[in-house]
Structures are given as structure tokens and as C-alpha cells.
Amino acid sequence: MTDRPRIQQNADIRFLGKTLGNVIREHGGERLYERTEHIRSSSINRHRGDELVDLELEKLSLDETLAFVRGFGLFSMLANLAEDRDAVGAAEQTTFVEAIGQLREHGVTEETILEQLDHALIVPVLTAHPTEVRRKSIIDHRTRLSDLMKRRDEVLAEGEDTGPVEEEIERQIALIWHTRTLRRDKLNVVDEVDNALDFMRSVFLPVLPELYRRWERVLPARPQSFLRLGSWIGGDRDGNPFVTQDSLQYALSHGAETVLGYYLDALQQLGADISVSSELTEIPGEIVTLAEASGDESTHREDEPFRRALIGIYGRLAATFEQVCGRPPARPASVDGEPYAGPDAFEADLRQIARSLAEIGGEAFGSVGGLGHLIRAVQTFGFHLATLDLRQNSSVHERVVAELFEVAGEDVDYLALDEEQRVAVLRDELAGNRPLRTPWASYSDATAKELAIIDAVAQAQQTFGADCITQYVVSMAESVSDMLEVLLLVREAGLYRAGDTPSCSIMPVPLFETIGDLESAPDVMRAFFAIPEIAAMTSARGYQEVMIGYSDSNKDGGYLTSSWMLARASEALAPVFTEAGVTMQLFHGRGGSVGRGGGSAFDAIRGQPHGTVNGRIRITEQGEVIAAKYGTIETAAKNLDAVASATLLATLEPQKLATKEYQTFAATMDDISDRAFIAYRDLVYGTEGFPDVFRQMTPIAEIATLNIGSRPASRKASNRIEDLRAIPWVFSWSQARVMLPGWYGTGQALAGFEDKALLRDMVEQWPFFKNTLANMEMVLAKSDMAIAGEYSGLVEDRALAKTVFGQIRDGWQQTHDALLEITGQSFLLENAPKLDASIRLRLPYIEPLNLLQLELLKRHRAGDSDERIAEGIKLSINAIATALRNSG
1051 MTDRPRIQQN
1061 ADIRFLGKTL
1071 GNVIREHGGE
1081 RLYERTEHIR
1091 SSSINRHRGD
1101 ELVDLELEKL
1111 SLDETLAFVR
1121 GFGLFSMLAN
1131 LAEDRDAVGA
1141 AEQTTFVEAI
1151 GQLREHGVTE
1161 ETILEQLDHA
1171 LIVPVLTAHP
1181 TEVRRKSIID
1191 HRTRLSDLMK
1201 RRDEVLAEGE
1211 DTGPVEEEIE
1221 RQIALIWHTR
1231 TLRRDKLNVV
1241 DEVDNALDFM
1251 RSVFLPVLPE
1261 LYRRWERVLP
1271 ARPQSFLRLG
1281 SWIGGDRDGN
1291 PFVTQDSLQY
1301 ALSHGAETVL
1311 GYYLDALQQL
1321 GADISVSSEL
1331 TEIPGEIVTL
1341 AEASGDESTH
1351 REDEPFRRAL
1361 IGIYGRLAAT
1371 FEQVCGRPPA
1381 RPASVDGEPY
1391 AGPDAFEADL
1401 RQIARSLAEI
1411 GGEAFGSVGG
1421 LGHLIRAVQT
1431 FGFHLATLDL
1441 RQNSSVHERV
1451 VAELFEVAGE
1461 DVDYLALDEE
1471 QRVAVLRDEL
1481 AGNRPLRTPW
1491 ASYSDATAKE
1501 LAIIDAVAQA
1511 QQTFGADCIT
1521 QYVVSMAESV
1531 SDMLEVLLLV
1541 REAGLYRAGD
1551 TPSCSIMPVP
1561 LFETIGDLES
1571 APDVMRAFFA
1581 IPEIAAMTSA
1591 RGYQEVMIGY
1601 SDSNKDGGYL
1611 TSSWMLARAS
1621 EALAPVFTEA
1631 GVTMQLFHGR
1641 GGSVGRGGGS
1651 AFDAIRGQPH
1661 GTVNGRIRIT
1671 EQGEVIAAKY
1681 GTIETAAKNL
1691 DAVASATLLA
1701 TLEPQKLATK
1711 EYQTFAATMD
1721 DISDRAFIAY
1731 RDLVYGTEGF
1741 PDVFRQMTPI
1751 AEIATLNIGS
1761 RPASRKASNR
1771 IEDLRAIPWV
1781 FSWSQARVML
1791 PGWYGTGQAL
1801 AGFEDKALLR
1811 DMVEQWPFFK
1821 NTLANMEMVL
1831 AKSDMAIAGE
1841 YSGLVEDRAL
1851 AKTVFGQIRD
1861 GWQQTHDALL
1871 EITGQSFLLE
1881 NAPKLDASIR
1891 LRLPYIEPLN
1901 LLQLELLKRH
1911 RAGDSDERIA
1921 EGIKLSINAI
1931 ATALRNSG
């Protein structure tokens, strides 16, 4: 194998690693420090050779084992922190300001750019999927440590003594060392809501207005708020019985409390800053009117109409807070006021303040004291902070609708109808506004729960505004009736109104998840738009959303086929929407791992088929990715800017590939995708005993005991891969260092395709193919077939294990070799040296964790009931996930 360049650890990693060593020696003892150093150096030596070495882990006591795992897990966290600061592994991406410059060079006018932005919508949607293994306490400590490292940078830049701040850093690391890593109790939905609100409060609220300010400097006019915030947490009940009307109400009310509290604090600061006196300045009449209506009679402010006006605005917003949240704000108002009817009325008052200030002192004066930031925040977050999506499985809707018909005495056996009959029945029912539900009837608990949530949505829109909930995602959508059922359900709460042009404040969003569903998506949407009343409603709205699922399509068809079918479905949907005269809005259900659509969002958006972005895109942000991308002001600003930039470029940048070239490349992808699909399906669904190998070879059972999310690991109580959720599927393979969902089937497909020169042309000229292989290459680099082979030893049927793991190992080698041949590299990540160095730096620290996990799994599965063994397994899962980063 070709020698790689020597790893160059950056200064932060060296400093933090040395500091951690000091902490382990002082707080864990000299013996633990020496044992850790021995294991660390032995593992590094292994990675300089080819064979596993005996790390003598069996000599560790259980207490030493727990301390060892904590130490190596903590090192991985510190390495992640250092790499985030150094942007190791970050994709080359164009900033929004640079994107505007590039578009101008392509002849796109400023007016076209601004017009596009005024119709655009870009939404990162935070979800609560359980791949964030760290406690919030650990995340908070990491944030404080990051702040201390920034302070150390400043001290170094000023040439001053770094000793004091370095002592603080060591104390912070020592505090983490003494902080419990694992949660005692399973997360509930309220916990997940609170965790997300912390990010919204500390990061998104300050970052988004600042980004808009930056962008406005290079735009000819102020655009509307096209980049907004979404969430599933508290509204996503697909397979999660703990999401109820109460969790939905909690998410919305606490979101409103967060954003209204932020506005009140901003108003308080504005009142301190805007001290304009009428004795020195001629005051516009509008401000005088606001001041007189404020109710503020203080003699101290008789000559300060702006302050009096702001006191009146504060009083009205405080009344709004009390009306929405059910209690007064922390800082009560000094005057009484009428609650605002909505954010538009609040914004109008703020704009009046800004106009009047600009009239007095010029345009710049109109943003004094952060007024411009506050106005932008109100435009972006409203009174709800983040738009909350609903999600439920289509099979649940079918049963609820069937019961509604049955209890209402309708002569309809809904579940027995075929699709054409269902559509006819639903259309007939939706032609009027008479509800099926009656308050005098009783319904099953499941139906009553669904109806209660719909009622809660109607109440929420009245309380928090129509923008608080606008989308209803239908999981496992396969037909038009799946969307019509949603319209029928929301009609029961008065959210759908029939007529020549029906109206509905909730948009049904089909989620196409399996390979078959993606293939049939264009036909389903064409039939949906063919219904006259639906055509009228969607045309009036102007757009319709379709969600495409990366996770389940991958579990269904493998990495390469999933990637391609998602692109193919997007491409095939575009003309359907064009024919309907409706803008297509794609919602990308991506996860953190490559097997679930992870990787650079910038590259992923840029790689979307031409004509499918249209300035409107929503993307899920899940699990550990939220902390990684939005954990600090700096990283959040960079990642949000990148998503906005990529969306603008994907929408307005000219097509780079000629039609003939693209057709050739697409036909090639059809070919290799079919080959990859067959190889993947043969292994995962066609191999007798494969589910047993998976469940015994990986720590899937142990992962299910981790308190890392409120959602069950499986949709049903079965051993079938089909019923397992995609997240634990990916997470388990990552722990065993196989990473199978991120590559399997691709090697067989590429090896069997003879025209390697064509494949090389595709890498050079086609961003989609280049990005697909680059993400897979990173996964291959993090996998380890030697370690994976050790995990295969956990399988009881040795002959079966040998057969199945042999297929996996051979598939990995084929993928590895084919990738190098196509990309012209002599080793993985040769063309990405910083990422290569980053991964190789941490691999020696992961390997001992894997080997220790294996020993603990063997003892645990043999019946050893010592609670410390179970704790050690959970600690190792936590540490390995931290080290691998995008693992779930």
C-alpha cells in the first residue's frame, strides 16, 4: 500500500490531548494514566502495521474499564471540538455573498436574484431522532470549553500569558471527567423539545437576523425572510406513542414563550438605547401618537416620545405573552396594553419606530439599538419561533377514517375499498363541510387520540398564528387517498373548507420512502393534481411539498440505489408539477450518516437534478448533527449560509452538463444502480439467517436500552429488517465498524461495469456522482473489516457467520478497489488529506473501544449480571459514536 503523508495534528488537538492527560493523571491516578498511555500507543502501533495486537484489555478491572472508556471518549469529544474550530473535513463551499457574485458573472441580474429570494423558502427542520448519545450537560460543558478556547486564541493573539485561561480549560475538562456521561432515565418528548429550544434560543434567534444583515449589504433591496426554522419535535408521532396533543401544545407554547421573551428583552434594550428628546429634535407625528397611546405618564420621560412609544409596545407584547403562555413575563410591563392580534401588527409598530428614526437621522439611524435585527427576527420567527410539522403513518389514517365512517353510520366499509373507490368516497365527503364526527359517539382510544391532536392543531393556529403548523407529513405514502385522508381528518376540526376553490391551512405532504414508492411518486402526484378541487387548491397556494426519505429508501435498496432513485424521483416529479402549474417544494429527509443522506448539505443541494430546487427546500437536521452544525454561533452561521448559498446556486446557476452527456451519465447510473440493488437485496433480504447475523453481530439489542430518544427502535415487535427503524439499523452497523448501509452493493455494481473511463468522466464532470462517491469514500475510511471480523465472532451459528461476513468483507474490498480505480487514487481520501489525517488520527482511539465493547458484550450475553458491564457497554457505545461523529 502506498505510504500516506504523516499525520499533522493541529495545535488545538495537541494542547487538548496533553491537558486531558494531565487530568487523567491527577483525577484518575498514575496507574490509569500509564495503562491508558500503553493502550493508546499499542493501538497506534497497530495502525502502523497490518495486524491486531493484544491490548491486554482483560487485565483491566471493571472500574478501570469504565474510566478507560470515559477517557478515550473524552479525547474523541475534544478532537471533535478542535476539528470543528479548524473546519477539518469541511467541504469547500461558496458563501452566499460569493454565490451572488458568481451568478452575476453568469449574467443573472440582481433583480432576478431578488425576485427569486422573494419566492424562496429554505428551512432546516430539527428532529429528535435518537442518534445524539450525549447528555445535555456534556454538550453544555463542551460549549463552555469552546468559549474558553476562543478566549485562549485572543490571549495568544495579544501576546499575553495564556496560563490563567489554560488553567480554566483544564478545570473545565476535569469537570467533564467528573460528570456522569449516561442518562439515568429515557428521554421523553418534553426533554427533546427542551433540548431543541436551547439551540433555537441561543443560536438560531441571534444568528438568522445577523445573516440577513450580512446578505442585505450585497442585495439591491431587503428580501423577505426566505430562511426560516422548522421542527418535528412534539408533532412527529409516526411510531411514537408518546407524542400527544399535550406534547404538541408544550412544544408550541414553549416555543412562543422563548421567542416572545426574546422580543421583550430586545424591546427593553431598545428603550435604553433610543433616548431621543423632543426638546432637541422634531418628532414625527406617528411617534407622538404612539407615545400618547402608550399609557406611560412618567414625568421623567415627558420629552422622550420614542421611549414612551416603546413602553406602550412592550405593554402590548407583555399582554400577548400572557395571553399565549398563560402567565405574565418575567419582567412585567409598567403599563397595560391590548394583546397584538399577530406578529404583523407588532412588526408594523416596530417599522413605524424605524421609519421615524430614519426620518430624523437617516437610514442608518433607523436600525439603532438592534432595531433592524428585531424587525428581521419578527419576520422570520413570528410568535411561534419554529413551524411545527405533524407526521403520522398512512395506515393510522386509514383506520381512523374507516372508524369515522362506521360510527357515523355511513354505508361504507372503507378498509375493504380499492384505491379508486377510496378516492371517490373521500372526494364525495370533501365536497361539503359537514363533519363526520359527532360529540355523542364514542371512539376507540387510537381514533380519539388522533382527533384530539387535530383539534389541538386548530386551537394552536388560533393561539399562535397560522404559521405555527402548516405541513402534515404522511409516512409510507403510496397513493392519492393517503393525502385525501389527511384533508378529511383536518376538516373535522374546521381546517379544510369546501368550495369551488377549497382552502386548507394544513398541507398534506406525502413521504415517499421505499424504492418502489419513489418510482411511483410521479404517477401519484399526477393523479393528485388531476382532481379538479385539488388542482384549484394547490394552484391558489402556488406550491406543493413532497418529502423524499433517505433512510428507509437506503434500508430498502442500499446506498447507491437509494441515492440515485432519490435523484431520479426528484427529476421525474419536476414535469408533473410544471404541467400542474404548481411550484415543487422538496423536503429532504436526511440523517447524520451517509447511509441516511448525510454528508455536506452544500454539495448535496448543488448535486440535485437541474430544475428541482426552485428556491424552495426543506431539510431535516437530526440527532448529533444538530449539535455539530448548530452548536455555536460560528458553526451555525457557516452552515446556514452554506444551505442558502447552495439553494440559490442550484436554482439560478446555468446547467453545467450538456443534455447528451447527462443522458449518457443517467443511463449509466440506471445500469449500475440496478446491479447494486440486486447485490444489496440478495444479502440483506435474500440471505437465510441474515437478520440473526445482524442482531448478534452488532449491539442493536444494547442500543435499544440506551436512554437516547423517546421513539421505539422498531415500528413493530418483530425480528424483520423491514420493521426496524432506519436509525438503529445504521447506528448498529457503525458500532461494529461495518458501516454497511453506506456502501454495500456499490462495489459489485462498479466492478461489473466495463467502461471505467466513462465512470471516471462522470466523477470529473457530474457533481451528483462525485458527491455520491465522496460520501461513500469517507464511510469506507471509517470502517474496519478486521474489527468487524471480531464482531462476527459474536454470531452463534459459526458457519452462517462465516458465509455472511465473507460476503460483507468481499463486498467491501470490491467497493474499495473500484473506488480507487475510478478516482485514480492510491489510497482512500488521498484527494482529501485533511479529512484523511482527521480520521486516521482518531482510529487508534476507537479500536480499543471496539475491542473492549466486544469483551463486555460477550460477558453480558453470557449472562453476567454485573450492572457495571451493562454500564460499560453503554459507555462504549457513547464513546464510539462520539468518535465516529456521523454514525446514526
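Numbering-wise, the sequence shown is residues 1051 to 1938 according to the numbering used here. All residues carry an ideal CB built from backbone N, CA and C; glycine is no exception. From a predicted model like this one, the values you see are computed outputs, not experimental measurements.
By how many angstroms is the C-alpha of residue j removed from the C-alpha of residue i?
| i | j | result |
| --- | --- | --- |
| H1228 | L1124 | 11 Å |
| E1332 | R1358 | 16 Å |
| N1060 | L1885 | 12 Å |
| L1538 | L1480 | 6 Å |
| R1487 | G1432 | 33 Å |
| F1781 | I1771 | 14 Å |
| K1706 | A1129 | 38 Å |
| V1158 | Y1493 | 58 Å |
| R1890 | A1929 | 17 Å |
| N1443 | V1540 | 15 Å |
| R1064 | I1074 | 15 Å |
| V1268 | L1164 | 11 Å |
| E1629 | P1741 | 44 Å |
| R1656 | S1695 | 9 Å |
So, using beta-carbon positions, are residue i and residue j closer together than 8 Å?
| i | j | result |
| --- | --- | --- |
| M1634 | V1596 | yes |
| D1517 | H1434 | yes |
| A1506 | L1298 | yes |
| F1727 | G1607 | yes |
| E1905 | E1220 | no |
| T1294 | T1670 | no |
| L1809 | A1149 | no |
| T1932 | M1199 | no |
| S1531 | L1476 | yes |
| P1572 | A1527 | no |
Let me make sure I understand the geometry here. Which of the options has the alpha-carbon closest to that of residue i?
| i | options | result |
| --- | --- | --- |
| V1829 | L1790, P1256 and L1407 | L1790 |
| P1489 | V1780, A1458 and G1861 | A1458 |
| L1225 | A1246, V1536, V1338 and I1189 | I1189 |
| P1256 | I1363, L1279, P1572 and P1659 | L1279 |
| K1068 | I1150, E1165, E1216 and L1176 | E1216 |
| W1047 | R1770, R1745, L1733 and T1865 | Here the chain covers residues 1051 to 1938 and nothing more, so residue 1047 does not appear. |
| H1910 | L1112, N1072 and S1093 | L1112 |
| I1872 | P1883, F1819, L1440 and Y1895 | F1819 |
| E1352 | E1087, E1372 and L1330 | L1330 |
| P1378 | V1632, A1368 and R1890 | A1368 |
| A1882 | R1263, N1821 and I1584 | N1821 |
| I1283 | I1598, L1421 and S1303 | S1303 |
| M1587 | G1416, T1564, P1558 and I1074 | P1558 |
| A1799 | A1751, L1869, N1290 and K1832 | L1869 |
| I1403 | G1843, F1356 and E1161 | F1356 |
| H1350 | L1340, T1339, S1325 and E1336 | S1325 |
| E1160 | A1271, E1204 and V1734 | A1271 |
| V1854 | A1929, D1773, N1900 and A1729 | A1729 |
| L1110 | R1935, T1932 and G1922 | G1922 |
| A1496 | V1450, I1363 and D1211 | V1450 |
| P1174 | L1465, A1580, L1195 and F1249 | F1249 |
| A1491 | D1721, N1095, S1275 and E1456 | E1456 |
| M1835 | L1893, D1811 and E1204 | L1893 |
| D1346 | G1387, S1613 and R1725 | G1387 |
Have a look at the DSSP bridge pairing and note the partners of residue i.
| i | result |
| --- | --- |
| L1171 | R1666 |
| F1562 | I1598 |
| G1280 | V1175 and T1437 |
| S1525 | N1443 |
| R1547 | S1553 |
| E1671 | L1176 |
| D1286 | R1441 |
| H1638 | I1598 and I1669 |
Quick check on the DSSP output: what are the complete alpha helix (DSSP H) runs of length 4 or more inside the region 1466-1497, in order along the chain? 1469-1480
Within the region 1222-1261, ranges of the beta strand (DSSP E) (whole runs, at least 3 residues): Counting whole runs of 3 or more residues, the region 1222-1261 contains no beta strand (DSSP E) stretch at all.
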